[in-house]
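The sequence shown maps to residues 1 to 387 in this note's numbering.
Take a look at the structure set out below.
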Amino acid sequence: MLNAPDIYWLQGDREQSATSGGWLRVSGRNIARNANAILRLTDGDSRRFDISVEAPDLWSATFRLPSTLPAGKYRADLFNGNGDQGAWRPAGEIMINAPAPAPSLKLDLYPQADGTTQDVADANRDAGRINAAMASLAARGGGTLFLHGGIYDLTGTLLVPDGVSLKGEATDLVTLAWRDSESPPPALITGVSNFTIENLSISAQRHLDVIRGGFAPALASKTAGASAGAAPSAPGSIAVGPAIGSNITLRNLTIRADAFMGHLVNADAEQRLAPMLAAIKDGVAGLRLGGRNIVVEGCDLLSSVRPFLLSAAEGVRMSGNIIRLGRRGWYGISGAQSVLFEDNLIIGATFRLPAAGSTRWKDVMSAAISWFATISSPNSTAGTARR
């Protein structure tokens, strides 16, 4: 049938499931040709719920679910707005769940009294205070650690436990600032599952991974360089464990991790670059994320080597981000499935840029990646790319 929908995959706001009041996304070709497109959900009792498209899109369309939609398993069928009853196409099955209640427990943390720190011991105390507060929340079933405005002077690794949100007052009010070190920790912030980081800024000079999420802890390494402020159970190895995590949200973050800050001669820059390239098999990253159901939105990312790596990730939405490519700043999407990468601005922040992208074109197709980005570099005009 001419202009019939060709559906690649169905994805919900909880990856393989969705929540009442959440959304479903249908990706493929000829998905929503006009505003008449409908996603029909049919439950086990043959009750039908017709959901209108949020906005027409030939490649990937969103359908917002009513908050009153009953929980349960549904069959999904798509009508793309053209044709008659014979134009409906099956889109798969989806589980709709009631939204999880928001954690009611909240702890407030303020910068040290004078707003400044004078020595490494102070920085260790800031890291220790944050880690201790998050561990306390986790021990009580989870909650939100709310950081009030100011600069938090840090060393070592912050570990965000399951069920904990690390939330700043605002991106331009809260800065997590790591002291420069010749032996930075394997990751500045790390977590495995069910955690959120939002509304804050991160500042660092020499670094390895900035945020690492979704990976099993690996064995500790003597060369890791973690200092006293790190959580004792934090993944401490330069090696990266397998992707086992899920439900990771990074929202409204500004990351400025730049090992080449200042007036460096070429030899100094290369000396700083070498350990970052050697530390991890495939290089360090601003965001190293794996596992299932990952959201990265509204972030402004700059890392010394590359801004992000998605590795063995499934059910990802990266939307509305500014992605700045630093020195040798290629990014990677490898072994991923069901990735929505859209409305991201990719900027070359240095003249020394390699090529960037997914591993191979066939991997893009097999990984089912919906791609829409604006790309800009210092020596070219901006353009758009869509796959």
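Built from N, CA and C at the ideal position, the CB exists for glycine as well.
The alpha-carbon of VAL53 is positioned some 10 Å away from that of PHE79. Rounded to the nearest whole angstrom, the CA to CA distance from GLY81 to MET318 is 27 Å.
Inclusion of ALA87 and ALA4 in the CB contact set at 8 Å is warranted, their separation being smaller than that value. Non-local beta-carbon contacts of GLU15 in its own chain, meaning distances under 6 Å to residues more than five positions away in sequence, involve ARG292, ASN293, GLY315 in chain order.
Burial check for THR144: the Cβ neighbour count within 10 Å reaches 16 or more, so the residue is buried. Distance check between PRO111 and each of SER136, THR175, PRO186, ILE244 places THR175 closest, using alpha-carbon atoms only. Its chain contains ALA32, ARG33, ASN34, ALA35, ALA37, GLY81 as the residues whose beta carbon lies nearer than 8 Å to that of PRO56, once the 5 sequence neighbours on both sides are disregarded; these appear in chain order. Taken through DSSP and simplified to helix, strand or coil, ALA127 comes out as helix. Residue state for MET318 is assigned as strand, using DSSP reduced to three classes.
Between VAL305 and the set PRO66, LEU41, GLU182, ARG288, the nearest pair of CA atoms involves ARG288. Approximately 18 Å separates the beta-carbon atoms of SER136 and LEU154; this is outside 8 Å, ruling out the contact.
LEU173 and GLY149 have their C-alpha atoms roughly 5 Å apart.
The beta carbons of ALA187 and LEU208 sit closer together than 8 Å. For SER27, DSSP records a beta bridge to TRP9, SER60.
In this chain, ARG179 is not harboured by any beta strand (DSSP E), its DSSP state being neither H nor E. Within the DSSP secondary-structure output, TYR74 pairs in a beta bridge with ILE94.
Nearest in C-alpha terms to LEU325, of all of LEU340, ASN344, ALA312, SER334, is ASN344. Spanning the alpha carbons of PRO101 and GLY245 requires a straight line of approximately 20 Å.
Cβ atoms of GLY28 and TYR8 come within 8 Å of each other, at about 4 Å. By alpha-carbon distance to ASN194, the top candidate from TRP178, TYR74, ILE248 is ILE248. TRP59 and SER17 have their alpha carbons spaced roughly 21 Å apart. For SER165, DSSP records a beta bridge to THR144, THR196. When the Cα atoms are used, TRP178 and SER203 turn out to be separated by approximately 6 Å.
By alpha-carbon distance to LEU147, the top candidate from THR171, ILE346, SER338, LEU65 is THR171. At the C-beta level, LEU159 and ASN131 come within 8 Å of one another. Under the three-state reduction of DSSP, LEU105 is assigned to coil, being neither helix nor strand. DSSP lists ALA187 as the bridge partner or partners of ASP209. DSSP, read as helix, strand or coil, puts GLY44 in coil.
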